[in-house]
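Novice: Going by our numbering, the first residue of the sequence shown is number 33, and it counts up by one from there.
Positions of the beta carbon are idealized from the N, C-alpha and C atoms, including for glycine.
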Amino acid sequence: MSQEHESLENLLQENRRFPPSPQFAAQANAKPEIYERAERDRLAFWEEQAGALTWEKKWDAVLDWQPPYAKWFIGGKINASVNALDRHVAQGRGDRVAFYFEGEPGDTQTITYAQLLTEVKKAANALIEIGIKAGDRVAIYMPMIPEAAVAMLACARIGAPHSVVFGGFSADALLSRIQDADAKLVITADGGFRKGAAFALKPAVDEALKGQHNVEKVLVVQRTKQETAWTDRDIWWHDIVGRQSTEHVAESFDSEHPLFILYTSGTTAKPKGIFHTTGGYLTQVAYTHKAVFDLKAESDIFWCTADVGWVTGHSYVVYGPLINGATQVMYEGTPDTPHKGRVFEIIAKYGVTILYTAPTLIRTWMKWGDEFPKAHNLHSLRLLGSVGEPINPEAWMWYRDVIGGNRCPIVDTWWQTETGAIMISPLPGVTATKPGSAMKTIPGISAQVVDENAVPVGNGRGGFLILDKPWPAMLRGIWGEGARYKETYWSRFPGIYFAGDGAKLDDEGAIWLLGRVDDVMNVSGHRISTTEVESALVSHEAVAEAAVVGAADAMTGQGIVAFVILRTGIAHADGVALLTELRNHVAKQIGAIAKPRQILVVNELPKTRSGKIMRRLLKDVAEDRKVGDATTLADPNVMALISQGLKSAKDED
Ligand code: PRX
Numbered sequence: 033m034s035q036e037h038e039s040l041e042n043l044l045q046e047n048r049r050f051p052p053s054p055q056f057a058a059q060a061n062a063k064p065e066i067y068e069r070a071e072r073d074r075l076a077f078w079e080e081q082a083g084a085l086t087w088e089k090k091w092d093a094v095l096d097w098q099p100p101y102a103k104w105f106i107g108g109k110i111n112a113s114v115n116a117l118d119r120h121v122a123q124g125r126g127d128r129v130a131f132y133f134e135g136e137p138g139d140t141q142t143i144t145y146a147q148l149l150t151e152v153k154k155a156a157n158a159l160i161e162i163g164i165k166a167g168d169r170v171a172i173y174m175p176m177i178p179e180a181a182v183a184m185l186a187c188a189r190i191g192a193p194h195s196v197v198f199g200g201f202s203a204d205a206l207l208s209r210i211q212d213a214d215a216k217l218v219i220t221a222d223g224g225f226r227k228g229a230a231f232a233l234k235p236a237v238d239e240a241l242k243g244q245h246n247v248e249k250v251l252v253v254q255r256t257k258q259e260t261a262w263t264d265r266d267i268w269w270h271d272i273v274g275r276q277s278t279e280h281v282a283e284s285f286d287s288e289h290p291l292f293i294l295y296t297s298g299t300t301a302k303p304k305g306i307f308h309t310t311g312g313y314l315t316q317v318a319y320t321h322k323a324v325f326d327l328k329a330e331s332d333i334f335w336c337t338a339d340v341g342w343v344t345g346h347s348y349v350v351y352g353p354l355i356n357g358a359t360q361v362m363y364e365g366t367p368d369t370p371h372k373g374r375v376f377e378i379i380a381k382y383g384v385t386i387l388y389t390a391p392t393l394i395r396t397w398m399k400w401g402d403e404f405p406k407a408h409n410l411h412s413l414r415l416l417g418s419v420g421e422p423i424n425p426e427a428w429m430w431y432r433d434v435i436g437g438n439r440c441p442i443v444d445t446w447w448q449t450e451t452g453a454i455m456i457s458p459l460p461g462v463t464a465t466k467p468g469s470a471m472k473t474i475p476g477i478s479a480q481v482v483d484e485n486a487v488p489v490g491n492g493r494g495g496f497l498i499l500d501k502p503w504p505a506m507l508r509g510i511w512g513e514g515a516r517y518k519e520t521y522w523s524r525f526p527g528i529y530f531a532g533d534g535a536k537l538d539d540e541g542a543i544w545l546l547g548r549v550d551d552v553m554n555v556s557g558h559r560i561s562t563t564e565v566e567s568a569l570v571s572h573e574a575v576a577e578a579a580v581v582g583a584a585d586a587m588t589g590q591g592i593v594a595f596v597i598l599r600t601g602i603a604h605a606d607g608v609a610l611l612t613e614l615r616n617h618v619a620k621q622i623g624a625i626a627k628p629r630q631i632l633v634v635n636e637l638p639k640t641r642s643g644k645i646m647r648r649l650l651k652d653v654a655e656d657r658k659v660g661d662a663t664t665l666a667d668p669n670v671m672a673l674i675s676q677g678l679k680s681a682k683d684e685d
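#1: Identify which residue in Trp268, Tyr382, Glu450 has its Cα closest to the Cα of Trp342.
#2: What does DSSP give as the partner residue(s) for Gln258 in the beta ladder?
#3: Where does the unbroken alpha helix (DSSP H) through Arg647 begin, and where does it stop?
#4: Mind listing, in chain order, the continuous beta strand (DSSP E) runs of no fewer than 3 residues lying wholly within the segment 78–127?
#5: Could you check the C-alpha separation between Pro99 and Glu288 for me, to the nearest Å?
#6: Residues in its own chain within less than 8 Å of Met471 by CB, not counting five upstream and five downstream?
#7: Indicate the three-state DSSP secondary structure (helix, strand or coil) for Asp204 in the structure shown.
#8: Determine the direct distance from the alpha carbon of Ala60 to that of Arg72, and round the result to whole angstroms.
#9: Of all residues in the structure, which have a C-beta closer than 7 Å to any heavy atom of the ligand PRX, taken in chain order?
#10: For Ser277 and Asn157, which I take to be in contact (beta-carbon distance under 8 Å), what is that distance rounded to the nearest angstrom?
#11: Considering only their Cβ atoms, is the gap separating Met362 from Met32 smaller than 8 Å?
#12: Taking C-alpha atoms, which residue in Pro391, His411, Leu413, Trp430 lies nearest to Gly401?
#13: Touching or not, the segment 210–222 and the segment 130–142, by the rule of three or more beta carbon pairs under 8 Å?
#14: Check this for me: beta carbons of Ala626 and Ile674, under 8 Å apart or not?
#15: So, is Ser556 buried or exposed, given that buried needs 16 or more other C-beta atoms within 10 angstroms?
#16: Tell me where the alpha helix (DSSP H) around His270 begins and ends.
#17: At what residue ranges does the segment 148–214 contain a whole run of the beta strand (DSSP E), taking only runs of 3 or more?
#18: Taking the C-alpha atoms as reference points, what is the distance between Tyr173 and Leu632?
#19: If you pair each beta-carbon of the segment 340–360 with each one of the segment 308–321, do three or more pairs fall below 8 Å?
#20: Short of 6 Å in beta carbon distance, which residues of its chain neighbour Trp335, apart from the five on each side in sequence? Order them along the chain.
#21: Starting from Ala4, trace the alpha helix (DSSP H) in both directions and tell me its first and last residue.
#22: DSSP on Gln676, reduced to helix/strand/coil?
#23: Determine the burial state of Trp97: buried for a count of at least 16 other Cβ atoms within 10 Å of its Cβ, exposed for fewer.
#24: Pull up the distance between the alpha-carbon of Val670 and that of Val340, whole angstroms please.
#25: Please classify Ser53 as buried or exposed, where buried requires at least 16 neighbouring CB atoms within 10 angstroms.
#26: Please confirm if Ser478 has its CB atom under 8 Å from at least one CB of chain D.
#27: What number of angstroms, rounded off, separates the C-alpha of Thr296 from the C-alpha of Ala535?
#28: Please classify Val624: does DSSP put it in a helix, a strand, or coil?
#29: For Asn47, which of helix, strand or coil comes out of DSSP?
#30: Identify whether Arg615 lies in helix, strand or coil by the three-state DSSP scheme.
#31: Distance check for Phe50 and Gln448, CA to CA, integer angstroms please.
#32: Could you compute how far the alpha carbon of Pro638 sits from the alpha carbon of Pro303?
#33: For Glu248 and Ile423, I'd like the C-alpha separation in whole angstroms.
#34: For the segment 487–501 against the segment 516–534, are there 3 or more C-beta pairs whose distance is under 8 Å?
#35: Assuming Thr296 is part of the beta strand (DSSP E), what are its boundary residues?
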C-alpha cells in the first residue's frame, strides 16, 4: 500500500491529541489571542511584525497587491545584515554566541555576534574590492561552514542577491544556475568534510566554468587544505577577506530589493529561480521563528539541521534566527559520522533546546535503533520541529517519545521555497497537536483545500492546497521568467496560488498534507522533478526513452524509480554495469540526490493514444500495487509486460 493511502487510513483512526502542557503554554511567545488579532486586521498584524525589525525608513503602505504580484512595506528601507547583526551588537549583545560550529572531524568554533559582524563587514569590503555592486548576482557553492552564512550576509549587506547552490549538486547543475542568474562571482571552498573524508568542491566550479558564463572571479574558502587547482580568476578568501577593514557602514535598500534567488525543481527539466525580496521576507521569517519555535533568545540553543543550500537553511539558519538574536548550532557533516549518535552527542554537548529537522532523518534514526539517542542526555530539548515532507504518525510519535521524552511540543511546519517562510504549523503553546498533521495556517496566513473548481471541499474531504491571500515572504517571481511564474503558480486556479500539494481536512478542519499532486518527487525532503531525471537519462547515449516516477519509500518518503527503453543495438545483457552507469550519469547531470533508486529496462512505456506517458500506471508497478485502470492505453498489454519484467528483475536481486 502506498504511503499516501496508508496515511489516509491512519487519519481516519487518529484520535490522539497532544495539548501543550500548562507550563509551556504559560511561557509561550504566542498566546491564543494572536489568531484573533491577525484575523481582525491582517495587514495591521503584519505591520506589527515588521515593526520588530530595524528600518532605516518606515514604509508608506503595507501592501500593494496586483495579482500575481505583491509588494510589501512599500517605500520602506532596510538592510538584512544590519537586522541580523549590527543591531544586536549596537544594543549590547555582541558577546552573545551566534554559532557553535561543529566540524565533522570534531574541530569547533564559537562565534559571537560581534565576531560574526566583523567577518561580514570584512567580507562585504572584499566583495566591493572585487567589483560587486548592488544588484549583481553572486553564486555561493559551499559546504556547511560558518563562511557560508558570512558570504550570504555579506552579499545581503551590499545588496547583491545571492544564489546559493547546494554543495551536493553537480558541475552541470551549478553551471545552469550560474547562467540563469548571470552570476558575476562564485564563492566556494576547496571542499568540506562528509562521511569521514574530505570532498572537493572547487573542481566542480572549475568544471562548470568551462561553459558559457560571465563569472569574473572565484572566491575560495580554505576548509580542507586539500590540493586545489588554481587559475587567474581564483582568489583565496583568507587572502582578500583577511586584509580588509573591519569597518563597513551598511546602506539600506528598498523593501522590495532582491535578497536572493534559490533554484528549485518544478514540473519541467529546467529548475526555477525562485526570487525573494527583502522587507516582507525578513518580517515573516523573523516572526515565524519566534512564534512557531517559541524562541527565547537569551536562553535557547536553536539547531536547524538544514544545509544553507536549501530554503530551510536560508530562513531558519541564516535570516530568521540571526534577526532574532538566537544562539545556534551549525554542524558540517552527516548524522552517522563517526557514529550514529553524532546528532544526539551534539545536542547534549551544547544543550540544544530547539531541534528542527526532517522526517527522513527521524525515520533513519528509528531504523538505527533507540540505543543511539538513549545513550545521550537529551533533557535540554524543549521543542521539536519537522519540515520538508509529510511526517507519518509513527515517526511523529517516535520523535515525541524517544527524542522529546514526551515533554516537547512538536511543530510540523509546512512551507515551500516559494513561500519563503512557514505557512502551516501548530503554535506550540496553543495548539493541541495530532500526530502527522500540520494542523492549521499560522496567524496572518490564509489557505484552503479546494476541488477542481476552486470550491472549498469542507471538513472530512481532500483536495488541492491553495493560498488565497498574499503573504509577506511570498516569492516575487521566477527569475527572468514572468510567463512561467504565472503559468506555474497562478493558472490552475486563475488568480489563486496553487502550491502543488494535495491535502485533506479532517472532521475538525485540521490540515493533513498528502504530498505533491504534480510531477515533482520529494526525496528526503528535497524536490526533484520527474522530467529533470528523465532528461538526464535520455541524454545518455544508451537511452532512447525514459519515464520516472516517485515511489513510496519507507525511509526517504519517495524513491526515484526509472523505466528506460534502450536504443536499438544496445545490449541489455550486461544490464548491471549499464544500470550503474546510468545511475552515475544522472548523478553527474544533477547531483547524487537525484540518483534513481531503481532503473528498469523495458521494451515499451504505457502511453495513451495521444502519446502521453501514463506515469500513474508506472507508479502502481513501482509501488507493487495492482495496476489501475489501463483501458485508455494504446496497447493494453504493455502493463502486463512491464509488471512481468519487474517481477523477474526482483527475482534476480
Ligand atoms: O510538498 C511539500 C513538501 O515540500 C514541498 C516544498 O519543498 P521545498 O520548496 O524544497 O521546501 C522544503 C522546505 C520548506 C512542499 O510543496 N513539504 C514541506 N514541508 C512539509 C511538506 N509536506 C508535508 N508536510 C510538511 N511539513
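Specialist: Answer, in terms of the structure:
#1: Residue mapping note: residue 342 aligns to position 310 of the sequence shown, counting from 1. Looking at the Cα atoms, Glu450 is the closest of the given residues.
#2: Numbered from its first residue, the sequence shown carries residue 258 at position 226. Gln258 is not bridged to any residue.
#3: Numbered from 1 along the sequence shown, position 615 holds the residue referred to as residue 647. 647–654 is the extent of the alpha helix (DSSP H) around Arg647.
#4: 93–98, 101–106
#5: As a first step, residue 99 is located in the sequence shown; it is residue number 67 there, counting from the start. As a first step, residue 288 is located in the sequence shown; it is residue number 256 there, counting from the start. Computed Cα separation, rounded: 16 Å.
#6: Numbered from its first residue, the sequence shown carries residue 471 at position 439. Counting only Cβ-Cβ distances below 8 Å, and skipping sequence neighbours, we find Asp444, Ile456, Ser457, Pro458, Thr463, Thr465, Ala542, Ile543.
#7: Locating residue 204 in the sequence shown gives position 172, where the first residue counts as 1. Asp204: helix per DSSP, three-state reduction.
#8: Translated into positions along the sequence shown, residue 72 becomes position 40. Translated into positions along the sequence shown, residue 60 becomes position 28. Each residue's Cα considered, the two are about 21 Å apart.
#9: Thr296, Trp342, Val343, Thr344, Ser418, Val419, Gly420, Glu421, Pro422, Ile423, Asp444, Thr445, Trp446, Trp447, Gln448, Thr449, Glu450, Ala470, Ala531, Gly532, Asp533, Leu545, Gly547, Arg548, Asn554, Gly557, His558, Arg559
#10: For the purposes of this step, residue 277 is taken as residue 245 along the sequence shown, with counting starting at 1. For the purposes of this step, residue 157 is taken as residue 125 along the sequence shown, with counting starting at 1. Rounded, the Cβ-Cβ distance is 6 Å, consistent with contact.
#11: Absent from the model: residue 32. The displayed extent of the chain is 33 to 685, so no value can be given.
#12: Translated into the one-based positions of the sequence shown, residue 401 becomes position 369. Taking only the C-alpha atoms, the option nearest Gly401 is Trp430.
#13: no
#14: Here residue 626 refers to the residue found at position 594 of the sequence shown. Here residue 674 refers to the residue found at position 642 of the sequence shown. Not closer than 8 Å, so no.
#15: Within the sequence shown, residue 556 is the residue found at index 524, counting from 1. Under this definition Ser556 is a buried residue.
#16: Within the sequence shown, the letter at position 238 stands for residue 270. Looking at the DSSP string, the run of the alpha helix (DSSP H) that includes His270 is 269–274.
#17: 170–173, 194–196
#18: Taking the first residue of the sequence shown as position 1, residue 173 is located at position 141. Taking the first residue of the sequence shown as position 1, residue 632 is located at position 600. Looking at the two C-alpha atoms, the distance is approximately 33 Å.
#19: yes
#20: Against the sequence shown, residue 335 aligns to sequence position 303. Contacts found: Val361, Val384, Leu387.
#21: As displayed, the chain neither begins before 33 nor continues past 685, which places residue 4 out of reach and without an answer.
#22: Numbered from 1 along the sequence shown, position 644 holds the residue referred to as residue 676. Looking at Gln676 - three-state DSSP - the assignment turns out to be helix.
#23: Start at 1 with the first residue of the sequence shown, and residue 97 comes out as number 65. Result: exposed.
#24: Counting from 1 along the sequence shown, the entry for residue 670 is found at position 638. Counting from 1 along the sequence shown, the entry for residue 340 is found at position 308. Each residue's Cα considered, the two are about 44 Å apart.
#25: Counting from one through the sequence shown, the residue named residue 53 turns up at place 21. Result: exposed.
#26: Any reference to chain D falls outside this structure, which holds one protein chain only.
#27: On the sequence shown, residue 296 is found 264 positions in, with the first residue counted as 1. On the sequence shown, residue 535 is found 503 positions in, with the first residue counted as 1. When rounded, the distance between both Cα atoms is 21 Å.
#28: Residue numbering aside, residue 624 sits at position 592 when the sequence shown is read from its first letter. The question names Val, yet the displayed sequence has Ala at residue 624. Looking at Ala624 - three-state DSSP - the assignment turns out to be helix.
#29: Here the question's residue 47 lines up with position 15 in the sequence shown. Three-state DSSP puts Asn47 in coil, outside helix and strand.
#30: In the sequence shown, residue 615 corresponds to position 583, counting from 1. Arg615: helix per DSSP, three-state reduction.
#31: If you number the sequence shown from 1, residue 448 lands on position 416. If you number the sequence shown from 1, residue 50 lands on position 18. Approximately 26 Å, taken between the alpha carbons.
#32: By 1-based counting over the sequence shown, the position of residue 638 is 606. By 1-based counting over the sequence shown, the position of residue 303 is 271. Spanning the two alpha carbons is a distance of roughly 26 Å.
#33: Here the question's residue 248 lines up with position 216 in the sequence shown. Here the question's residue 423 lines up with position 391 in the sequence shown. Spanning the two alpha carbons is a distance of roughly 44 Å.
#34: yes
#35: What you label residue 296 is simply residue 264 of the sequence shown in a count that begins at 1. 290–296 is the span of the beta strand (DSSP E), which, as asked, contains Thr296.
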